[in-house]
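> Add 14 to a position in the sequence shown, counting from 1, and you land on the number used in the numbering used here. This is the structure I have questions about; it appears just below.
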Amino acid sequence: IVVGESHDDEYHHELQLDLIRSLNESKLPLAIGMEMIQSDFQVQLDAWSAGKLSEEVMQAVFELNWSDWPLYREIFLYARDNRIPMIALNVPLHIVRKVSQQGFSSLTPEEKGDLPAGTSCDLRNPQIAFLRKSFQGVRHHGENGKMFSNFCEAQTVRNSGMALKMARYLEKQPDRRMVVMTGIWHAVKYGIPDQLQRLGKLSYTVILPETPFVNKENAGSAEADYLVEQ
Numbered sequence: 015i016v017v018g019e020s021h022d023d024e025y026h027h028e029l030q031l032d033l034i035r036s037l038n039e040s041k042l043p044l045a046i047g048m049e050m051i052q053s054d055f056q057v058q059l060d061a062w063s064a065g066k067l068s069e070e071v072m073q074a075v076f077e078l079n080w081s082d083w084p085l086y087r088e089i090f091l092y093a094r095d096n097r098i099p100m101i102a103l104n105v106p107l108h109i110v111r112k113v114s115q116q117g118f119s120s121l122t123p124e125e126k127g128d129l130p131a132g133t134s135c136d137l138r139n140p141q142i143a144f145l146r147k148s149f150q151g152v153r154h155h156g157e158n159g160k161m162f163s164n165f166c167e168a169q170t171v172r173n174s175g176m177a178l179k180m181a182r183y184l185e186k187q188p189d190r191r192m193v194v195m196t197g198i199w200h201a202v203k204y205g206i207p208d209q210l211q212r213l214g215k216l217s218y219t220v221i222l223p224e225t226p227f228v229n230k231e232n233a234g235s236a237e238a239d240y241l242v243e244q
């Protein structure tokens with residue numbers, strides 16, 4: 015279950031927690047997949063989920079990866095208190111940075127080790143229109159063809175890497191359902207779900223909160239299974 019978010023929107027995190035709580039109370043075995051934590055921090059997440067890591071240490075680990083701990087704190091506490099495994103999905107930052115600056119072709123075979131074969135940015139993919147909106151939001155000085163291509167490849171690397179982590183975990187834990195917390199640009203069906211389809215192994219449901227960029231006017235079943243009004 016892929017649940018999109020605007021990272022700084024408190025309501026979106028309340029929606030995620032409500033869903034996690036509801037599924038857990040229905041006795042459905044769960045895991046929580048997180049874009050916010052890079053995959054090389056899985057050991058720390060395992061310790062947290064097992065109740066073996068203090069909140070102070072977990073917050074420090076989180077802040078090495080992300081920002082706005084207070085917005086995510088209640089979800090982390092609920093996972094710990096209910097012993098729900100948390101899965102670090104994101105590709106290590108140094109790989110994402112390298113691709114965003116130099117393109118996917120710059121990666122070494124070792125750096126490609128945790129990415130599906132053939133990962134690349136398909137500029138014909140319908141997600142490109144969504145990515146261009148995101149790109150314009152972070153590149154205020156204007157768009158450059160090569161710069162956008164690298165940005166697109168970096169986003170695709172993250173999508174494909176996160177999808178592969180999800181697939182590997184659920185292959186080992188087939189009775190569990192994973193609630194995936196990730197940004198809207200990754201959660202939309204053209205993002206992580208598209209990469210899951212390419213892996214050919216997992217079914218999914220996409221839930222997106224409405225935002226100015228994703229709403230009833232410009233998003234339908236091709237983007238999400240459910241749009242949630244705020």
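Built from N, CA and C at the ideal position, the CB exists for glycine as well. None of the values given here were measured: they were computed from a predicted structure.
DSSP three-state call for T196: helix, strand or coil?
Strand, per DSSP.
> Helix or strand or just coil, what does DSSP make of A45?
Of the three classes helix, strand and coil, the one that applies to A45 here is strand, per DSSP.
> Could you spell out the range, first to last residue, of the beta strand (DSSP E) harbouring A5?
Within the shown structure, residues of the chain are numbered from 15 to 244, placing residue 5 beyond reach of any answer.
> Going by DSSP, what residue range makes up the beta strand (DSSP E) through A102?
Element bounds for A102: 100–104.
> Out of curiosity, what's the CA-to-CA distance linking L121 and G205?
Those two C-alpha atoms are separated by around 21 Å.
> Could you compute how far the alpha carbon of M72 sits from the alpha carbon of A45?
Distance between the alpha carbons of M72 and A45 is about 18 Å.
> What distance in whole Å lies between the Cβ atoms of L103 and M180, which are believed to be in contact at a cut-off of 8 Å?
Right, their Cβ atoms sit about 7 Å apart.
> Would you tell me roughly how many angstroms separate the C-alpha atoms of I198 and Q211, rounded to the nearest one?
Roughly 18 Å separates the two Cα atoms.
> Considering only DSSP beta bridges, list what P223 is partnered with.
V242.
> Taking the alpha-carbon positions, what's the R172 to S40 distance?
Roughly 31 Å between the two C-alpha positions.
> Classify G259 as buried or exposed, calling it buried when 16 or more other Cβ atoms lie within 10 Å of its own Cβ.
This structure cannot speak to residue 259, because the chain is shown only from 15 to 244.
> Taking a contact to mean a Cβ-Cβ separation below 8 Å, would you say I89 touches H27 in this structure?
Contact flag set, yes.
> May I ask which residues mark the beginning and end of the beta strand (DSSP E) holding V16?
Its beta strand (DSSP E) spans residues 16–19.
> How far does the alpha helix (DSSP H) with L78 in it reach, from first residue to last?
Element bounds for L78: 69–79.
> Give the C-beta separation of L29 and V193 to the nearest angstrom, bearing in mind that I take them to be a contact with Cβ-Cβ under 8 Å.
Incorrect: roughly 11 Å between the Cβ atoms, too far for contact.
> Please report the distance separating the alpha-carbon of G156 from that of V105.
Note that G156 scores 43 on pLDDT, short of 50, meaning its location in the model is unreliable; the coordinates nonetheless yield the value given after this. Distance between the alpha carbons of G156 and V105: 27 Å.
> In the structure shown, what three-state DSSP assignment does E157 receive?
Because the pLDDT of E157 is 49, which lies under 50, any placement of that residue in the model is unreliable, and the number read from its coordinates should be weighed accordingly. In the structure shown, E157 sits in coil (DSSP, three-state: anything other than H, G, I, E or B).
> May I have the straight-line CA-CA distance separating N164 from K126, to the nearest angstrom?
The alpha-carbon atoms of N164 and K126 are separated by roughly 16 Å.
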